[in-house]
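Input: a single structure, listed below in structure tokens.
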Amino acid sequence: MFNVKKTKYDIDTLLSELGIEISQDCTHLHHWLSAQYVLNEREESLLAEIHPKAVQEVDSWNEEELKMHFIAFLIYIARIDVPQKIKVFYERPLSGVLQGNSISVIADCMIATPEARAKPKKPYFFLQEFKKQKKDQSDPEGQMLAAMLLAQHENNDNLPLYGSYIMGRNWRFATLVGKTYCISQRQYDATNLQDLYQIVYNLRFLKELILER
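The sequence shown begins at 0 in numbering that gives the first Met the number 0 and counts up one residue at a time.
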């Protein structure tokens with residue numbers, strides 16, 4: 000621990016300090032983002048209810064409002080939870096030392112295997128949300144990748160980690176496998192109904208990907 004240095008979680012620093020490579024060969028990411036489902040009547044109704052509100056208000060919501068008025072409903076519609084196997088957690092801290100770099104981050108949303116009822120044990124997916132404020136230097140992609148790297152170190156199983164970061168209405172998705180990092184080339188606009196459905200499909204597919212591990 001003598002030579003440990005504290006590392007910022009901006010994306011460029013993480014990539015260079017930890018030797019992470021951005022790849023265009025993204026089999027796991029493409030497989031994840033190919034998800035297709037048919038929603039039931041209740042899910043369709045709820046999505047139809049929250050979509051117009053997002054169109055009108057998403058650009059004015061702060062991070063907590065975005066989470067409470069919108070993200071939480073999408074996660075509910077996606078129906079990710081599986082008793083004793085998969086649980087959604089919010090505002091959970093992670094920290095560790097990676098290659099001599101001390102890193103800590105608070106995960107806005109984490110999907111993990113639960114330990115007992117109240118604690119995440121093995122994380123698989125991280126979501127970071129961001130609403131730019133004056134003089135704010137936050138980097139949601141860096142926070143997301145930092146959480147994924149910490150989970151990768153903790154899980155120690157060489158299996159893919161999944162992530163997403165949100166800037167207002169726009170969502171991007173990512174995977175981390177070993178030292179290979181992939182980020183979706185396109186942004187999914189949550190005010191576009193077709194994109195919104197795909198966001199829900201992507202979230203729901205996480206359950207299958209996790210249960211297959």
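Even glycine gets a Cβ: it sits at the ideal position worked out from N, Cα and C.
Proximal residues to residue i (C-beta, below 8 Å), its chain only, five neighbours per side dropped
i: residue 87; result: 74, 79, 80, 108, 109 and 110
i: residue 91; result: 105, 106, 109 and 119
Under 7 Å between C-beta atoms of residue i and residue j
i: residue 98; j: residue 148; result: no
i: residue 102; j: residue 145; result: yes
i: residue 128; j: residue 40; result: no
i: residue 27; j: residue 159; result: yes
i: residue 177; j: residue 8; result: no
i: residue 42; j: residue 76; result: yes
i: residue 57; j: residue 185; result: no
i: residue 10; j: residue 156; result: no
Residue-level contact to chain C via CB, residue i, 7 Å cutoff
i: residue 78; result: No chain C is present in this structure, which holds just one protein chain.
Residue i, DSSP secondary structure in three states
i: residue 127; result: strand
i: residue 167; result: coil
i: residue 110; result: strand
i: residue 162; result: strand
i: residue 87; result: strand
i: residue 82; result: coil
i: residue 43; result: helix
i: residue 182; result: strand
i: residue 188; result: strand
i: residue 10; result: helix
i: residue 157; result: coil
i: residue 140; result: helix
i: residue 173; result: strand
i: residue 211; result: coil
7 Å CB neighbourhood of residue i in its chain, flanking five on each side removed
i: residue 179; result: 20 and 22
i: residue 200; result: 34, 35 and 36
i: residue 114; result: 120
Same chain, Cβ closer than 6 Å to residue i, five either side skipped, listed in chain order
i: residue 209; result: 85 and 123
i: residue 194; result: 187 and 188
i: residue 54; result: 190
i: residue 60; result: none
Residue i, buried or exposed, once every other Cβ within 10 Å from all chains shown has been counted against 16
i: residue 66; result: buried
i: residue 132; result: Unreliable positioning characterises residue 132 in this predicted model, as indicated by a pLDDT of 45, which lies under 50. A coordinate reading is not provided.
i: residue 163; result: buried
i: residue 83; result: exposed
i: residue 212; result: exposed
i: residue 150; result: buried
Contact test: residue i Cβ vs the ligand SAH heavy atom, cutoff 6 Å
i: residue 78; result: The ligand content of the structure shown is nil, which means the ligand SAH is not present either.
Quiz item: Would the stretch 41-51 and the stretch 164-175 be scored as touching if the rule is three or more Cβ pairs under 8 Å?
Solution: Fewer than three beta-carbon pairs drawn from the stretch 41-51 and the stretch 164-175 are found closer than 8 Å, and the two stretches are therefore not classed as touching.
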